[in-house]
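Peer 1:
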Amino acid sequence: MKRVLLKAINPLRILINDTRFIGLMLITCTLISIYLANTVMFASDYKQLWNRSFPIFSSLSLPESFLSWINNFLMAFFFLMAGMEIKRELIKGELSSFKKAVLPFGAALGGMIVPALIFVAFNIHTSYIHGWGIPTATDIAFSIGIASLLGKRIPDGLKILLMALAIIDDLGAIIVIALFYGGQVNWLFLVVGVIFFLGLFALNYFKVKFGLIQIAMSLFLWYVVFNSGIEASITGVLVAFAIPATKLPKIVRAIHRYVNFLIIPLFALANTAILLPDHIMSALGTTVGLGIIVGLVLGKPIGIYLFSWILVRCKVASLPKNVNWKQIFGMGTLAGIGFTMSIFTTMLAFKDEAIRDIAKVSILAGVAISLVFSLSYFLLISKHKKQHAKLDHKSSKSEGKLELDVR
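Numbering of the sequence shown is given in UniProt numbering, commencing with residue 1 and proceeding in unit increments.
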C-alpha cells in the first residue's frame with residue numbers, strides 16, 4: 001500500500017520541483033486576479049480585500065493591510081531565499097571567483113543600466129522618472145522556467161550563466177530598492193536595526209546553535225527596519241548573510257515551497273488586482289508604458305549582449321563552453337521576462353493607483369512579448385543550426401566521395 005502511495009506522490013513532487021510549473025502558476029494567478037479586478041460582480045470587494053486596513057496593526061506600528069503584510073513581511077521570506085542563493089553562489093558557486101563571476105556580473109550590469117537609461121529617455125521630462133528601476137529586474141522563476149521548456153536548445157553553460165545573471169540581477173534590484181525606494185529614514189530605529197544585525201553575526205561568530213534566539217532576533221530586526229523607513233522586506237537579505245553557511249541548505253529546503261507556492265502566488269494575486277484602462281493600447285503607449293516595455297524587451301538583451309561582448313573583447317572574460325553569441329543575445333531576451341521584482345518596484349516607485357496599473361499592465365505586456373520573442377528566437381536559431389549541420393554533413397560526404405573517385 002505504501003509503495004502505491006509513493007508512486008502516486010512522486011509525479012506531484014516532480015511537478016512541485018519544476019520551475020516551469022512555478023511560471024505557469026504565476027501566469028494563472030495573474031489572470032485570475034485581473035479577471036476578478038475587472039468583473040463588476042467582484043471588482044470592489046476584491047480590491048477591498050487586499051487593501052482593507054486594521055487599526056490595531058497601525059497602533060502597534062505594523063503593516064495595516066493584507067497587501068502591506070504581503071509586500072513588507074511575507075516578501076521578506078522571498079528575499080531571504082534570494083539572499084541565501086546569492087550567498088551560496090558567492091561561497092562555492094558560479095560567483096565564487098573573479099574568473100567565474102566577471103561575465104555574469106558584467107552581463108547583469110548591462111541588463112540593468114540599458115533598460116534604466118531607456119526608461120529615463122522616455123520619461124526625462126515627466127514626473128514618472130522615479131520608475132527607472134522597474135525594467136531593470138529579471139524574474140528567476142519565469143526566465144529559468146522558459147529556459148527549461150526549451151530543453152536542449154539551450155546548452156547547460158548558457159543555463160548556468162542565466163541563473164548566475166538572474167541571481168546577480170536580484171542582488172542589484174535589492175540594492176536599488178534599498179538605496180532609492182525607501183521612505184524617510186528614522187535614524188533611531190536604523191541604529192537599533194544595525195545592533196540587531198551585528199548581534200546575528202556575533203551569534204554566528206561564537207557558533208551559537210541556530211534556533212529560536214536567531215529567529216526572534218530576525219523578527220525584531222524586521223520590525224525595526226519596517227519602522228526605520230527602509231524597505232522592510234530587505235531584512236530577508238540581511239538575515240541570509242548573517243546565517244551560518246552550513247545552515248543554508250537546510251533553511252532553503254524548509255522554506256522554498258512556502259515561498260514558491262504560497263508567498264509568490266499571494267504576491268501575484270494581491271499586486272496584479274489591476275483595473276485595466278479603458279483604452280489599454282493608449283495606456284501602453286504612455287511614456288511609462290513604453291519605457292517599461294522597450295526597457296524589458298529590447299534594453300535587456302542589448303545591455304546583456306553589449307557588456308558581455310566588451311568583456312570578452314577586452315579578454316577580461318570568456319564565453320562558457322559550447323555557447324555562441326547568438327545564444328547570448330537569446331539569453332538576454334529571457335532575462336527580459338521581469339515580473340516579481342518589477343511589480344514590487346512599481347509599488348514603491350509610484351503612489352498613484354492609475355500609474356501603478358499602467359506600469360503593471362506594461363510589465364505583463366513586456367513579459368508576454370519577451371516570452372514569445374525568446375521561444376521564437378531559440379526555435380529559429382536551433383532550426384538554422386540543424387540546417388547548417390545537415391549541409392556540413394552532406395558536404396563532408398561529397399568530399400569523401402570525391403576523394404574516393406580521384407583515387
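Glycine included, C-beta positions come from ideal geometry on N, C-alpha and C.
On a predicted model such as this, the values are computed, not experimentally measured, just so you know.
Determine whether the beta carbon atoms of residue 104 and residue 158 lie at a separation below 8 Å.
Peer 2: Mapped onto the sequence shown, residue 104 falls at position 104. Mapped onto the sequence shown, residue 158 falls at position 158. No, the Cβ-Cβ distance between residue 104 and residue 158 is not below 8 Å.
Peer 1: Exposed or buried, residue 75, counting other C-beta atoms within 10 Å across all chains shown (16 or more means buried)?
Peer 2: As a first step, residue 75 must be located in the sequence shown, where it is residue number 75. Looking at its Cβ environment, which holds 16 or more other Cβ atoms inside 10 Å, residue 75 is buried.
Peer 1: Quick one: what's got a C-beta closer than 8 Å to residue 360's C-beta in the same chain, skipping five residues either side?
Peer 2: Residue 360 sits at position 360 when you count from the first residue of the sequence shown. Only 271, 272, 274, 343, 346 meet the Cβ criterion.
Peer 1: Indicate the three-state DSSP secondary structure (helix, strand or coil) for residue 143 in the structure shown.
Peer 2: Counting from 1 along the sequence shown, the entry for residue 143 is found at position 143. Residue state, collapsed to three classes: helix.
Peer 1: Do you know how far the Cα of residue 109 is from the Cα of residue 51?
Peer 2: The sequence position of residue 51 within the sequence shown is 51, counting from 1. The sequence position of residue 109 within the sequence shown is 109, counting from 1. So the two alpha carbons sit approximately 35 Å from each other.
Peer 1: Since residue 240 is in the alpha helix (DSSP H), which residue starts that stretch and which ends it?
Peer 2: The sequence position of residue 240 within the sequence shown is 240, counting from 1. That run of the alpha helix (DSSP H) goes 235-242.
Peer 1: In whole angstroms, what separates the C-alpha of residue 370 from that of residue 96?
Peer 2: If you number the sequence shown from 1, residue 370 lands on position 370. If you number the sequence shown from 1, residue 96 lands on position 96. Those two C-alpha atoms are separated by around 30 Å.
Peer 1: Excluding the five sequence neighbours on either side, which residues of its own chain have a C-beta within less than 6 Å of the C-beta of residue 377, listed in chain order?
Peer 2: The residue you call residue 377 lines up with position 377 of the sequence shown. Counting only Cβ-Cβ distances below 6 Å, and skipping sequence neighbours, we find 330, 333.
Peer 1: Would you kindly work out how many angstroms separate the C-alpha atoms of residue 283 and residue 267, rounded to a whole number?
Peer 2: Within the sequence shown, the letter at position 283 stands for residue 283. Within the sequence shown, the letter at position 267 stands for residue 267. The alpha-carbon atoms of residue 283 and residue 267 are separated by roughly 23 Å.
Peer 1: Where does residue 88 land, buried or exposed, given buried means 16+ other C-beta within 10 angstroms?
Peer 2: Indexing the sequence shown from 1 puts residue 88 at position 88. Buried.
Peer 1: Are the stretch 111-123 and the stretch 281-297 touching by the rule of at least three beta carbon pairs closer than 8 Å?
Peer 2: The stretch 111-123 is in contact with the stretch 281-297.
Peer 1: Taking the DSSP output, what are the residues bridged to residue 65?
Peer 2: The residue labelled residue 65 in the question sits at position 65 within the sequence shown. Bridge partners of residue 65: 53.
Peer 1: Within the chosen definition, does the stretch 142-151 reach the stretch 305-320 through at least 3 CB pairs nearer than 8 Å?
Peer 2: Taking 8 Å as the limit for Cβ pairs, the verdict is that the stretch 305-320 does not touch the stretch 142-151.
Peer 1: Quick check on the burial criterion: 16 or more other C-beta atoms within 10 angstroms. Buried or exposed for residue 257?
Peer 2: Within the sequence shown, numbered from 1, the residue matching residue 257 stands at position 257. By the 10 Å Cβ count, residue 257 comes out exposed.
Peer 1: Using the Cβ count rule (16 or more neighbours within 10 Å means buried), how would you classify residue 184?
Peer 2: As a working note, residue 184 is residue 184 in the sequence shown. Result: exposed.
Peer 1: Return helix, strand or coil for residue 96, following the three-state DSSP convention.
Peer 2: Translated into positions along the sequence shown, residue 96 becomes position 96. Residue state, collapsed to three classes: coil.
Peer 1: Measure the C-alpha to C-alpha separation of residue 83 and residue 246 and round it to an integer number of angstroms.
Peer 2: Your numbering for residue 83 matches position 83 in the sequence shown. Your numbering for residue 246 matches position 246 in the sequence shown. The straight-line gap from Cα to Cα measures roughly 15 Å.
Peer 1: Identify the continuous alpha helix (DSSP H) that holds residue 41 and give its terminal residues.
Peer 2: Working through the sequence shown from its first residue, we reach residue 41 at position 41. From DSSP, residue 41 is part of no alpha helix (DSSP H); its letter is neither H nor E.
Peer 1: Any idea what DSSP makes of residue 6, helix, strand or coil?
Peer 2: What you label residue 6 is simply residue 6 of the sequence shown in a count that begins at 1. Residue placement at residue 6 is poorly supported in this model, since its pLDDT is 42, which falls under 50; the coordinates still yield a value, given next. Three-state result, residue 6: helix.
Peer 1: Which class does residue 231 belong to by DSSP, given the choice of helix, strand or coil?
Peer 2: Here residue 231 corresponds to residue number 231 of the sequence shown, with the count starting at 1. Reduced to three states, the DSSP call for residue 231 is coil.
Peer 1: Residue 252 and residue 81 look like a contact to me (Cβ under 8 Å); what is the Cβ gap, rounded to whole Å?
Peer 2: Taking the first residue of the sequence shown as position 1, residue 252 is located at position 252. Taking the first residue of the sequence shown as position 1, residue 81 is located at position 81. That belief holds up - the Cβ atoms of residue 252 and residue 81 are roughly 6 Å apart, short of 8 Å.
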